[in-house]
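A short write-up of the structure that comes next.
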Amino acid sequence: MVYIAKGKDRGRTGKIISIFPKTGNIIVEGINIKKRHVRPRRSGEKGQVVEIPGRISASNVSLLCPNCKKSARLSYQVHEHGRSRICKRCGSVV
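Position one of the sequence shown corresponds to residue 4 (the numbering used here), numbered consecutively onward.
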């Protein structure tokens, strides 16, 4: 889950559908909705307007802490098993 920090959907939250690491973009469910006009494929079928979520920059979102339900700045804590992400607000493991 992510918190939208900038743009027309600022303040909303959503689940990440897909990630594009080369361009630094993500698609979030229900955010940045675009309307696409689709032509009929077969005879007798009607054309329609489909709403699809568009890409947004990954720099405009922040991770949502599952414990305090607010946007989280993260720090890392190193263990002998590896490292874990920690919310700087509440101190819980994300």
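Backbone N, C-alpha and C define an ideal beta-carbon position, used for all residues, glycine too. Keep in mind it's a predicted model, so treat the numbers as computed, not measured.
Contacting residues, own chain, Cβ-Cβ under 6 Å from residue i (five flanking each side not counted)
i: Gln-6; result: For the sequence presented, residue 6 should be read as Tyr rather than Gln. Thr-16, Ser-65, Leu-67 and Ser-74, listed in sequence order.
Chain-order list of residues whose beta-carbon lies under 7 Å from that of residue i (same chain, five-residue window excluded)
i: Ile-59; result: Gly-10, Asn-28, Ile-29, Val-31, Ile-34 and Asn-35
i: Ala-61; result: Gly-27, Asn-28 and Ile-29
Beta-carbon proximity check, residue i vs residue j, cutoff 8 Å
i: Arg-86; j: Val-96; result: no
i: Ala-8; j: Asn-63; result: yes
i: Val-41; j: Gly-47; result: no
Cβ-Cβ separation, residue j to residue i (assumed contact under 8 Å), whole Å
i: Glu-54; j: Lys-72; result: Actually they do not touch by this definition, with Cβ atoms about 27 Å apart.
i: Lys-18; j: Met-4; result: 6 Å
i: Ile-22; j: Pro-56; result: That belief does not hold up - the Cβ atoms of Ile-22 and Pro-56 are roughly 13 Å apart, past 8 Å.
From the options, residue whose alpha carbon lies closest to that of residue i
i: Lys-91; options: Val-81, His-82, Leu-77 and Ile-22; result: Leu-77
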